[in-house]
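Those letters in the sequence shown? Residues -22 to -1, 1 to 633, per mature numbering (1 follows the signal peptide of the UniProt record, and there is no 0), in order.
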Amino acid sequence: MDKLLVVNLFVLVLCSVGRVNSSAYDKIVTHSRIRARKEGPNVCALQQVMGSSKKYFSTCRNWHKGSICGKKAVVLYECCPGYMKIEGMKGCPAAAPIDDVYGTLGLVKATVTQQYINESQLRGDIEGPTSVTLFAPSNDAWDLLDPVSKHIDLKLAENENQELYNTLLFHTVNQRLVTKDMKNGLVVPTMSEDHNLYINHYGNGVVTVNCARIIYGNQVATNGAVHVIDRVIRPVSGKIKDILEENENLSSFTTAASAADLLDKLGEAGHYTLFVPTDEAFDKLPSGYLERIIENNAVITALVKYHLLNSVQCAEAIMAGSVYETEEGSSIEIGCDGDFLTVNGIKMVLKKDIVTSNGVIHLIDQVLFPDSAKEITELMGESQSYFRDYFSEMDFASAMRPNLEYTLLAPLNGVSSIAKSELKLLLENHILKVKVSLSELYTGQQLETLSGKFLRAFIYRTAVCLENACMVRGSKEGKNGALHLVGSLVKTSDKTLYKVLKDEGQFKIFLSLMETAGLYDMLKEEGAYTIFAPTDDAFKELTSEDLTLLKSDVTALKNILLYHISNGIFISGGLERGVTNMLKTMQGLNLPVKFDPDAEAEAHGSGTRRFNEQKVLQSRITDKQKLTVAWRGTWKHERGKNMEHGMKTGRQKTP
């Protein structure tokens, strides 16, 4: 136990260290030092993705999972930035020699960049009396250039070095910058005229420069600093709007953004990520779909905004799936699978990291649809597949007028079955003639269904219910209505409490006692009641003398019976599990009601639940005498038509 405590404390310290005056990058490097402390001084533990050369100073999450972007990662131990080995000694006990920026490139093994600086005659510019920061592409980064981009090397062969000179100048900043200076969203002018670098510093420790990741940072030089990056970066020209308008293959999305009055916003200053479907992605949609939704401003606006984030998310900063809120208001998950960027778990990104001055674009091969841009019939998932299939089979959609809004109450698969002959009428009670969100429901509200019947809403501390059915997590709102998931079939009741109890045939004694106490008419009148009605079997232990005694004192009998009745409607799903629910009875005392976790509640008839619980109910007969009636057995929780009224003032009072 003590060892476990020590381990837990160490993990807490590891993931909390270095929070003062340090950047996320610095914290991650510090964590890497601590993980490698057994390897000697100044050793850092990194993770390398198997099958690639990618290495990371990893977050606690990726470290403990042993993977990055879903791919297994192996642990490597290397000298932390700024340190080096000494033969025969453990770890990296020596501080690396400090040199100027040009010489430092050799220390960090950016030898190709060093060679190109020499050949392009940039060396003189960075060795003079100045302070510079060089974001140096690694040797592998130069190899990653495609043949078209290799025009730099072709120019070298022709002894035309101006293009190479300009490219390297664009990687150079005329001041010393280390990672703690690189705030998220920082824009830094380069030594290349009229061009800036766009820096993002993420919470997972990744720092990007025009979406190129710093893979080896903070190598301080006598005249500046060197950071090794994973790609050759290009000057940024224009904003997101400019890219959309200049690319003919993005015309459909550009049209949609214009119709949604968002195109101009994408031409303003900001920090955006835009997932842009190509024209081919729009071609996959049903014929004429885009033209139809463009006419609906709310839908086209929701669709376009769902592709837009109000933050810059470069691909190299994504090391695992994370959820981001879109401008539309709902969320998407951005993740990765190896080298592929994923959206909502799907590999759909065709081209990553098109950097602009106000954000980044990722091209995708699918159009993303938020719930708010979907028909409510499209919101049903696999957990409601039975209801979805019956809805389609019985063609309920044709009964729903196109310009009106509705609410679907979709039962989960596996709820009580019912004969097909009754199914159509029953399912009509699962379609409300109005769109209503959870936040709009209140106790006493009555909502008309497609069949013309009305469902009553009941709001409880931990549940929202319509008639006998309580909602479960997963409500959604579409363009023409709302979808709420319910845990059972919705069943309305046309009977009074009296009719329900009488038709059951097992409440004869209870009904006779109600009549004796003068409470008979309550069961037939309009009102809002919950009755815990003992069955005839519950009276088995009472002798005829006991019953005679009960009936002989009408006041005492009335008190006992009123202790079984509560004002307000409390269906079983509205009562909290695991606690005692105190219900104020009409007698005046609180009735404690608790679910027995070992007892199974079974559906019985319309809106009825049985609970295998026992209860001794007490009522004072006189000042000197108490009569204890042991109504042992099954309690029945009934609902009926006369509960429909008397609730117009709002929620029932809670004790």
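Note that beta-carbon positions come from the ideal geometry of N, C-alpha and C, so glycine has one too.
Work out the CA separation of residue j and residue i for me, nearest whole Å.
i: GLN241; j: VAL290; result: Residue identity check: residue 241 is Leu in the sequence provided, not Gln. For LEU241 and VAL290, the distance between alpha carbons rounds to 18 Å.
i: VAL254; j: PHE35; result: 31 Å
i: SER544; j: THR563; result: 4 Å
i: LYS32; j: LEU85; result: 20 Å
i: PHE485; j: LEU525; result: 15 Å
i: residue 643; j: GLY248; result: Outside the displayed range of the chain (-22 to 633) lies residue 643, so it cannot be described from this structure.
i: ASP172; j: VAL151; result: 12 Å
i: HIS205; j: ASN96; result: 18 Å
i: ARG385; j: SER308; result: Contrary to the premise, residue 385 reads as Thr rather than Arg in this sequence. Distance between the alpha carbons of THR385 and SER308 is about 20 Å.
i: VAL571; j: LEU425; result: 29 Å
i: CYS292; j: ASP331; result: 6 Å
i: LEU489; j: LEU410; result: 36 Å
i: THR37; j: VAL184; result: 10 Å
i: ARG209; j: MET28; result: 20 Å
i: GLU269; j: SER230; result: 10 Å
i: ALA51; j: HIS42; result: 11 Å
i: ARG629; j: ILE192; result: With a pLDDT of 30 at ARG629, under the threshold of 50, the modelled position of that residue is not reliable, and no figure is offered here.
i: LEU123; j: SER30; result: 17 Å
i: GLY483; j: GLU306; result: 56 Å
i: TYR61; j: ASP343; result: 45 Å
i: LEU112; j: ASN188; result: 14 Å
i: PHE517; j: LYS480; result: 17 Å
i: THR256; j: LYS16; result: 51 Å
i: TYR368; j: HIS285; result: 33 Å
i: TYR267; j: LEU401; result: 34 Å
Leaving out the 5 sequence neighbours to the left and right, which residues in its chain are closer than 8 Å to residue i when beta-carbon positions are compared?
i: SER300; result: GLU311, ILE312, GLY313
i: ALA388; result: MET358, GLN362, PHE365, ARG366, HIS408, LEU461, HIS462, LEU463, VAL464
i: SER170; result: ASN144, LEU147, PHE148, THR150, PRO213
Is residue i near the ligand COA - that is, is its Cβ less than 7 Å away from at least one heavy atom of it?
i: LEU479; result: The ligand content of the structure shown is nil, which means the ligand COA is not present either.
Taking 8 Å as the threshold (C-beta atoms), are residue j and residue i in contact?
i: residue 636; j: ALA276; result: Residue numbering for the chain in the displayed model covers -22 to 633; residue 636 lies beyond these limits and cannot be assessed.
i: residue 635; j: ASN174; result: There is simply no residue 635 to check, as the chain begins at -22 and stops at 633 in what is shown.
i: THR157; j: SER10; result: no
i: ASP373; j: GLY456; result: no
i: LEU535; j: LEU467; result: no
i: ILE207; j: PRO115; result: yes
i: THR304; j: LYS329; result: no
i: ALA23; j: TYR3; result: no
i: THR494; j: LYS529; result: yes
i: CYS448; j: GLY551; result: yes
i: ALA203; j: LEU222; result: no
i: HIS347; j: LEU287; result: Inspection of the sequence shows that residue 347 is occupied by Phe rather than by His. No.
To which residues of the same chain is residue i closer than 6 Å at the C-beta, ignoring the five residues directly before and after it?
i: PRO71; result: PRO19, ILE64
i: LYS217; result: GLY245, THR334, SER335, ASN336
i: PRO167; result: ASN174
i: LYS502; result: THR474, TYR476
i: GLU554; result: THR440
In chain order, what residues of the same chain have a beta carbon less than 7 Å from the beta carbon of residue i, not counting five sequence neighbours either side?
i: SER98; result: ASN139, LEU142, TYR143, LEU146
i: GLU406; result: THR427, LEU428, SER429
i: ASP315; result: CYS47, GLY48, LYS325
i: THR200; result: ILE76, ASP77, ASP78
i: LYS431; result: ASN407, THR470
From the options, pick the residue whose C-alpha is nearest to that of residue i; which is it?
i: HIS542; options: GLY551, THR513, GLU523; result: THR513
i: LEU569; options: GLU383, ALA199, THR508; result: THR508
i: THR334; options: ILE278, ILE211, LYS352, PHE436; result: ILE211
i: THR474; options: GLY505, VAL198, ALA377, ALA495; result: GLY505
i: THR233; options: THR251, GLU273, PRO213; result: GLU273
i: THR320; options: ASP472, GLU305, HIS340; result: HIS340
i: VAL327; options: GLU303, ALA259, GLU305; result: ALA259
i: ARG434; options: GLN92, LEU401, SER471, TYR194; result: SER471
i: SER415; options: LEU527, GLU383, PHE432, ALA119; result: GLU383
i: GLU418; options: ALA190, VAL442, PHE432; result: VAL442
i: THR279; options: LYS352, SER265, GLN344, GLU224; result: LYS352
i: GLY106; options: LEU281, VAL53, LYS431, TYR80; result: TYR80
i: ASN182; options: THR108, ALA88, ARG39, GLY102; result: ARG39
i: SER453; options: LEU390, LEU527, ASP499; result: LEU390
i: GLU519; options: TYR176, LYS5, LEU287, ILE487; result: ILE487
i: LEU252; options: LYS219, ASP239, SER236; result: LYS219
i: ASN458; options: ALA375, TYR438, LYS431, PHE510; result: ALA375
i: TYR420; options: GLN92, ILE437, ASN196; result: ILE437
Spell out whether any CB of chain C is found under 8 Å from the CB atom of residue i.
i: GLY552; result: The structure shown contains no chain C; it is built from a single protein chain.
ask   = Residue ranges of each beta strand (DSSP E) run of no fewer than 3 residues wholly in the region 341 to 421, ordered along the chain?
value = 384 to 389
query = Which ranges does the beta strand (DSSP E) cover as unbroken runs of at least 3 residues, wholly within the region 516 to 564, from first to last along the chain?
reply = 543 to 545, 559 to 562
request  = Please list the segments of the beta strand (DSSP E) lying wholly inside the region 431 to 471, counting only runs of 3 or more residues, in order along the chain.
outcome  = 432 to 437, 442 to 444, 447 to 456, 459 to 464
key: 3-residue-minimum beta strand (DSSP E) runs that sit fully inside the region 199 to 243, ordered along the chain   = 202 to 207
task = Ignoring anything shorter than 4 residues or poking outside the region 62 to 107, list the alpha helix (DSSP H) runs there in chain order.
result = 79 to 85, 89 to 97, 101 to 105
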